[in-house]
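**Student:** Residue numbers (this note's numbering): 11 to 438.
By construction, the Cβ of each residue, glycine as well, lies at the ideal position given by its N, Cα and C atoms.
None of the values given here were measured: they were computed from a predicted structure.
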C-alpha cells in the first residue's frame, strides 16, 4: 500500500505507475482518494478544534460554578453538549472516510522499481541469465506421472476418490525423494544463515489482507467456514505475519527466516495439458524464505534470495534460468520480481519453479511493521522467495536425472537424505 502522503504529493507519478501496469481503470481512484483525503482531514481538523474548545469551555464551567454563576454555567454546558453532538458526527464521518480511503488504497498498485521491464503479461517477461547447460537426451522422456508410475510412486485415482482432482498420493521411492528434497532444502537454507521456522498453517483475515492483494486472496485462499481463519497458500504469509504490529530497532534487522510448510491453493483458472499430474495442485509443500530489513538493504537481499534458489537447483544437476517479471505480471504489492525456471528436457523449455519478490514497505505498512532507531521512524521492507516447492520440483528433478533404462540418478548433495543411494530403480 502506497503512503497516502506520497500519493497526495505525487499523484501524477502514481497515475503513470498505474499505466505501466496496464490497469488504466484504476487511474480515477487516485483523484477519488485525494478528494476523500481532503474531506477526512477537514473533518479531523474541525474535530480537533472542537475538542480544544470543549476543553476550554469545560474549565469555564467549573470556574463559573465556583463563582455562583449557575445560569451562565448552564449556558456554557449547553454549548459543550451541542459541540459534543457535532463532534460525534465528525468522528463518525472521519472514520467512514478513512475506511473508504483504505479500501481504495489497497487496490492501487505499489510503485514498481525503475528497472522493471514494461509489458502487459508474463509473455513479455525478460530472460536475465541461464545457469547450467540444458540437455535433451537421445531417448524419449515420458510425462512425469508416467515416470513416477514406473516406481509405483504416485496414485492420482485414489486421491481423486478421497479428496477430488488436484490431490495425489506419493509412494515409495518417489515419496522418499520428496521428503529428501525438503530436508535438504531446510539444511541448505540454515547453512545460508537463515533461522529455521515452523509457522502456523492458518492465518487470520487481517494477516491475509496485510500480505496480499484482494485478487490474489480470491484466487488462492481457502477459508475455514465459521472462523476467522484461512489455510496458508504459502508460509511466507505466516512468517511475515509474525511481525504484525511490532516496533523493531535498527539493530534487530535484518530478520531472515526460512520455513517448511504445506501450502493450500484453489488454483482457479484453466489448466493446460502440461499442468496435469502434480504441476498445478491444491496441496503441496514448500521451503520458503523471507527477509525483513532496512529499506536501503532490500535490493541487496533481493539478489541474495533468488541466487539461493539458483544455487540449490544447480547442486541437484538441474539447469535453470532467471526471468525478470514485467510490469503487467507483477502483483499489486510487488516492487520487483524474478522467477526461477527449471529446464524440462521433455518439453525442451523452462518452467517456473520459484519466485522472488521485493515488496518494499507495502506489507509493512499494512501490517504496521515499524522500526524506531537512530535513523528515525520508518516502515521496514519485506522480501520473500521460494527455495523449492515439491512435488512440482520433482518434475524437473526426474526429467534431468533420468537414465535410458528408467532409473534416476541421485546427485551427491541429496544422497545423505536418501540413505546413501546413488540411484533409484523402477519396479516396472
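(1) Counting beta carbon pairs with one atom in the region 255–267 and one in the region 346–360, are three or more of them shorter than 8 Å?
(2) From the DSSP output, in three-state form, read off residue 271 for me.
(3) Skipping 5 residues on each side, what residues in its chain have a beta carbon closer than 7 Å to that of residue 186?
(4) Verify whether the separation of the beta carbon atoms of residue 118 and residue 218 is less than 8 Å.
(5) Mapping DSSP to helix, strand and coil, what is residue 368?
(6) Is it buried or exposed, residue 156, if we count other Cβ atoms within 10 angstroms and call 16 or more buried?
(7) Mind checking who residue 361 pairs with in its DSSP beta bridge?
(8) Measuring CA to CA, which of 371, 402, 400, 396 is closest to residue 389?
(9) Contact defined as beta carbons within less than 8 Å: I believe residue 47 pairs with residue 12. What is the distance between those atoms, to the nearest angstrom?
(10) According to DSSP, is residue 68 helix, strand or coil?
(11) Any chance you could list the beta strand (DSSP E) runs of at least 3 consecutive residues sitting entirely within the region 90–156, in chain order?
(12) With the cut-off set at 8 Å, would you say residue 288 and residue 402 are in Cβ contact?
(13) Note down the Cα distance separating residue 232 from residue 226, rounded to an integer number of angstroms.
(14) Output the boundary residues of the beta strand (DSSP E) element that contains residue 295.
(15) For residue 310, does the count of other Cβ atoms within 10 angstroms reach 16, so buried, or fall short, so exposed?
(16) Once you ignore the five residues that flank residue 274 on each side, which residues in its own chain have a CB closer than 6 Å to its CB?
(17) Could you pull out every residue in the same chain whose Cβ sits closer than 8 Å to the Cβ of residue 322, ignoring the five residues on either side in sequence?
(18) Under the rule that 16 or more other beta-carbon atoms within 10 Å means buried, what is residue 407, buried or exposed?
(19) Quick check: the region 37–45 against the region 55–66, are there 3 or more CB pairs under 8 Å?
(20) For residue 205, collect the residues of the same chain with a Cβ closer than 6 Å to its Cβ; drop the 5 residues on either side in sequence, then sort them by chain order.
(21) Per the DSSP calculation, residue 77 is bridged to which residue(s)?
(22) Sorted by chain position, which residues of the same chain lie with C-beta nearer than 6 Å to residue 391's C-beta, five sequence neighbours on each side aside?
(23) Span of the beta strand (DSSP E) holding residue 256?
(24) What are the boundary residues of the alpha helix (DSSP H) that includes residue 15?
(25) Assess contact between the region 242–249 and the region 140–148, defined as three or more Cβ pairs (one per stretch) separated by less than 8 Å. Is contact present?
(26) The beta strand (DSSP E) with residue 389 in it runs from where to where?
(27) Could you compute how far the alpha carbon of residue 361 sits from the alpha carbon of residue 162?
(28) Alpha carbon to alpha carbon, what distance is there between residue 191 and residue 431?
(29) Nearest to residue 71 by CA position, among 418, 87, 57, is which residue?
(30) Considering just the uninterrupted stretch of the alpha helix (DSSP H) at residue 430, what are its terminal residues?
(31) At which residue ranges does the region 185–230 contain complete beta strand (DSSP E) runs of 3 or more residues, listed in the order of the chain?
(32) List the DSSP bridge partners of residue 179.
(33) Which residue's Cα is closest to the Cα of residue 269: 256, 254, 249?
(34) Is it buried or exposed, residue 319, if we count other Cβ atoms within 10 angstroms and call 16 or more buried?
(35) Below 8 Å between beta carbons: does that hold for residue 136 and residue 336?
(36) Mapping DSSP to helix, strand and coil, what is residue 334?
**Tutor:** This is what the structure gives:
(1) no
(2) strand
(3) 428
(4) no
(5) strand
(6) exposed
(7) 352
(8) 371
(9) So it is not a contact: roughly 12 Å between Cβ atoms.
(10) helix
(11) 136–141
(12) yes
(13) 12 Å
(14) 293–303
(15) exposed
(16) 232, 241, 293
(17) 195, 198, 397, 398
(18) buried
(19) no
(20) 267
(21) Per DSSP, none; premise fails for residue 77.
(22) 303, 305, 308, 370, 371
(23) 256–258
(24) 14–19
(25) no
(26) 386–389
(27) 25 Å
(28) 14 Å
(29) 87
(30) Looking at the DSSP string, residue 430 is not in any alpha helix (DSSP H), and its letter there is neither H nor E.
(31) 205–207
(32) 165
(33) 249
(34) buried
(35) yes
(36) strand
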